[in-house]
Amino acid sequence: MFDSLGKLLILFGVVLVLVGGVLVLTGRLPFLGRLPGDIVIRREHWSVYFPLTTGILISVLLTLIFSIFGRR
Numbered sequence: 136m137f138d139s140l141g142k143l144l145i146l147f148g149v150v151l152v153l154v155g156g157v158l159v160l161t162g163r164l165p166f167l168g169r170l171p172g173d174i175v176i177r178r179e180h181w182s183v184y185f186p187l188t189t190g191i192l193i194s195v196l197l198t199l200i201f202s203i204f205g206r207r
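Using the working numbering, you'd call the opening residue of the sequence shown number 136 and step up by one each time.
Shown next, in the form of structure tokens:
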């Protein structure tokens, strides 16, 4: 029981480190958040930003990562 819990905690730790690294690097990656398909609406006193393509890309990458590490 504790063996599987330990492995699960290690996996969560690795995922947190990867997500933290991505969050640190997002300011340095010029294409992230400015991909074709990301919707930006700017008006005089307000703006709306919807990162559609960026969200899909992150979702696909996370799906691949979880499917690789989730196999038993």
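Even for Gly, the Cβ is constructed at its ideal location relative to N, Cα and C.
All figures in this text were calculated on a predicted structure; none of them were measured in a lab.
Residue nearest to residue i in terms of C-alpha spacing, selected from the options
i	options	result
Asp173	Trp181, Gly156, Ile193, Leu197	Ile193
Nearest-angstrom Cα separation, counted from residue j out to residue i
i	j	result
Glu179	Pro186	21 Å
Val175	Thr198	26 Å
Ser182	Leu153	30 Å
Gly156	Leu196	14 Å
Leu170	Arg163	15 Å
Arg206	Leu158	26 Å
Val150	Leu144	10 Å
Nonlocal neighbours in the same chain, by C-beta distance under 7 Å from residue i, ignoring five residues either side
i	result
Leu167	Thr161, Thr189
C-beta neighbour in chain D for residue i, strict 8 Å
i	result
Val149	In the displayed structure, chain D is absent; only one protein chain is listed.
Only counting runs of 3 or more residues, tell me where the beta strand (DSSP E) segments fall wholly within the region 151-183, in order along the chain. 174-177
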